[in-house]
Amino acid sequence: MTVLDASVALKWFVEDEPLVDEARTVLDAIGEDPAPYAIPELFMNELLAVLARLPGANAERVQKALDLVESLGLARIGNGHELLAAAAGFACDWGLSGYDAVYVALASLTSGVWLTADARAAAKVRRKGLVRLLGRAASR
5 MTVLDASVAL KWFVEDEPLV DEARTVLDAI GEDPAPYAIP ELFMNELLAV LARLPGANAE
65 RVQKALDLVE SLGLARIGNG HELLAAAAGF ACDWGLSGYD AVYVALASLT SGVWLTADAR
125 AAAKVRRKGL VRLLGRAASR
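Here's what the structure looks like:
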């Protein structure tokens, strides 16, 4: 399972971001087969928060972007007890934000990998194979 970070999806909607081509390759792969991808429930909230602050943002553009993401058929995983307990451990033990810890916890619980564009957060993940930085071929 690949747990998709909002930092990757944001690049689908912003032309001048680094690694836009790599992010769009992920979007194409999801379009072909969304089954190997999942997002935590907070993903849509994070995406909304950033999209709404972009220059030129308006409600119509933001909603169109959110609609596109919702149409992809990504598995959305809620904040159950097991997920939050694992996230608390990752946040406290590795110094991750609570948000990033939820992504890592979901990857851990699904025996998957967290795909992120956030190099600083990825560097805090101490378990080999649990995170992949967008643009890097192999997991660290």
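Heads up: the sequence shown runs through residues 5 to 144, numbered per the numbering used here. Built from N, CA and C at the ideal position, the CB exists for glycine as well. Source: prediction; values computed, not measured.
Between residue i and the rest of its own chain, which residues show a CB-CB distance below 7 Å, the 5 nearest in sequence each way excluded?
i      : result
Lys15  : Glu21, Leu23, Val24, Ala27 and Ala121
Ala90  : Ala109, Ser112 and Leu113
Ala123 : Leu137
Thr6   : Pro40, Tyr41, Gly116, Val117 and Leu119
Lys128 : Trp98, Gly99 and Leu100
Glu19  : none
Would you decide whether residue i is buried or exposed? Buried here means 16 or more other CB atoms lie within 10 Å of its CB.
i      : result
Glu50  : buried
Asp37  : exposed
Ala142 : Confidence at Ala142 is low in this model, with a pLDDT of 45, below 50, so its placement is unreliable and no value can be given for it.
Asp71  : exposed
Asp32  : exposed
Ser101 : exposed
Asp97  : exposed
Pro59  : exposed
Ala95  : buried
What residue does the alpha helix (DSSP H) around residue i start on, and which one ends it?
i      : result
Arg65  : Ala63 to Ser75
Leu14  : Ala10 to Leu14
Leu119 : Looking at the DSSP string, Leu119 is not in any alpha helix (DSSP H); the run it does join, the beta strand (DSSP E), is Val117 to Thr120.
Leu110 : Gly102 to Leu113
Leu31  : Val24 to Glu36
Beta strand (DSSP E) containing residue i: first to last residue?
i      : result
Ala42  : Tyr41 to Pro44
Val79  : For the record, residue 79 in the displayed sequence is Ala; it is not Val. It spans Ala79 to Ile81 - the beta strand (DSSP E) in which Ala79 sits, taken as one unbroken run.
Arg124 : Element bounds for Arg124: not the beta strand (DSSP E) but the alpha helix (DSSP H), Ala123 to Lys128.
Starting from the C-beta of residue i, find all residues in its chain whose C-beta is less than 6 Å away, skip the five residues before and the five after it, and write them out in chain order.
i      : result
Ile34  : Tyr41 and Leu76
Ala125 : Asp104
Val135 : Trp118, Ala126 and Val129
Rounded to the nearest angstrom, how far is the Cβ of residue i from that of residue j, given a contact under 8 Å?
i     : j     : result
Leu55 : Phe17 : 6 Å
Leu88 : Ile81 : Going by Cβ atoms, the distance from Leu88 to Ile81 rounds to 11 Å, so no, they are not a contact pair.
Using only alpha-carbon positions, find the residue among the options that is nearest to residue i.
i      : options                        : result
Asp9   : Trp98, Ala63, Tyr107 and Ala95 : Tyr107
Phe47  : Ala95, Ala92 and Leu78         : Leu78
Ala13  : Arg57, Asp104, Ala69 and Gly82 : Ala69
Arg130 : Glu19, Val73 and Gly93         : Gly93
For residue i, I'd like the list of residues in its chain whose CB is within less than 8 Å of its CB, leaving aside the five on either flank, ordered along the chain.
i     : result
Ala61 : Leu55
Arg65 : Leu55
Ser11 : Thr120, Ala121, Asp122 and Leu138
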